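Chemist: Got a structure for you, written out below as structure tokens; questions coming shortly.
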Amino acid sequence: MLRHLALTAVVSLAVLSAVAPAATADGGTPPLPLARPLPLPVHQGEAGQSPARLTITVSGGGNAAADGTFELRCAPAGGSHPLAEQACGRLDELAGEGEDPFAPVPKNALCTMQHGGEAAARVTGTWQGRRIDAVFSRTNGCEISRWNNLGPVLPNIG
């Protein structure tokens, strides 16, 4: 059966290889036009940045400058976030890598049992055209890594 299938594939390829050049060589009918690709969506704002409007609330960080509620707007960068340009740049970098920095840690993840402090954060708003409502903590190795991956959107803590 496998031998028959392989033989059929080889014969089909040979026939197509012989017919394709002959069909275009006679000058009779031009080849069918190729379909044009769909245009890519164009984001409003500065080059390389996608629009984002986020509210970031941080508590328990032990640093008065880091704790509080901050607004972050991207494309163009702005708001009350102290590192708005860097934060927007990091979000664009993560989007370019295809990462979702707001996704929770998977339920079956194996995480180190370490405690990174009492800091907690909540991020709400829109990013990449979708609603965001994510909670961050530093209760184990996975959560600490998730927090650190989103720096400087979230403050550098301990």
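Using the working numbering, the first residue of the sequence shown is number 551, and each one after it goes up by one. Just so you know, even glycine gets a beta-carbon here, dropped at the ideal spot from N, CA and C. The model shown is predicted, which means the values in this text are computed figures rather than measured ones.
#1: Should glutamine 594 go down as buried or exposed, given a rule of 16 or more other Cβ atoms within 10 Å for buried?
#2: Closer than 7 Å by C-beta to glycine 628: which residues in its own chain qualify, once you throw out the five before and the five after it? Chain order, please.
#3: Can you list, in chain order, the residues of its chain with a C-beta nearer than 6 Å to that of leucine 700? Leave out the 5 residues immediately preceding and following it.
#4: How about cysteine 624 and alanine 645: are their beta carbons less than 7 Å apart?
#5: Exposed or buried, which one is arginine 680 when buried takes at least 16 other CB atoms within 10 Å?
#6: For tryptophan 697, does the count of other Cβ atoms within 10 angstroms reach 16, so buried, or fall short, so exposed?
#7: Is it true that the CB of glutamate 621 sits closer than 7 Å to the CB of threonine 605?
#8: Just the Cα atoms here: how many angstroms apart are glycine 675 and methionine 663?
#9: Using a Cβ-Cβ cut-off of 6 Å (strictly less than) and excluding sequence neighbours within five positions of glycine 610, which residues of its own chain qualify?
#10: Is proline 587 buried or exposed, if buried means 16 or more other CB atoms sit within 10 Å of its CB?
#11: For alanine 684, which of Gln678, Glu693, Lys657 and Ala653 has the nearest alpha-carbon?
#12: Taking the alpha carbon of alanine 659 as the point to measure from, which residue in Cys692, Leu704, Asn706 and Val703 has its own alpha carbon closest?
#13: State buried or exposed for proline 626, treating a residue as buried only when at least 16 other CB atoms are found within 10 Å of its CB.
#14: Just mark alanine 637 as buried or exposed, buried being the case when its beta carbon has 16 or more other beta carbons within 10 Å.
Modeler: With the given structure in hand:
#1: Unreliable positioning characterises glutamine 594 in this predicted model, as indicated by a pLDDT of 41, which lies under 50. A coordinate reading is not provided.
#2: Ala634
#3: Pro651
#4: no
#5: exposed
#6: buried
#7: yes
#8: 31 Å
#9: Glu668, Ala669 and Ala670
#10: Note that proline 587 has pLDDT 48, beneath the 50 cutoff, so the model's placement of it is unreliable and the number below is only indicative. Label assigned to proline 587: exposed.
#11: Ala653
#12: Cys692
#13: exposed
#14: buried
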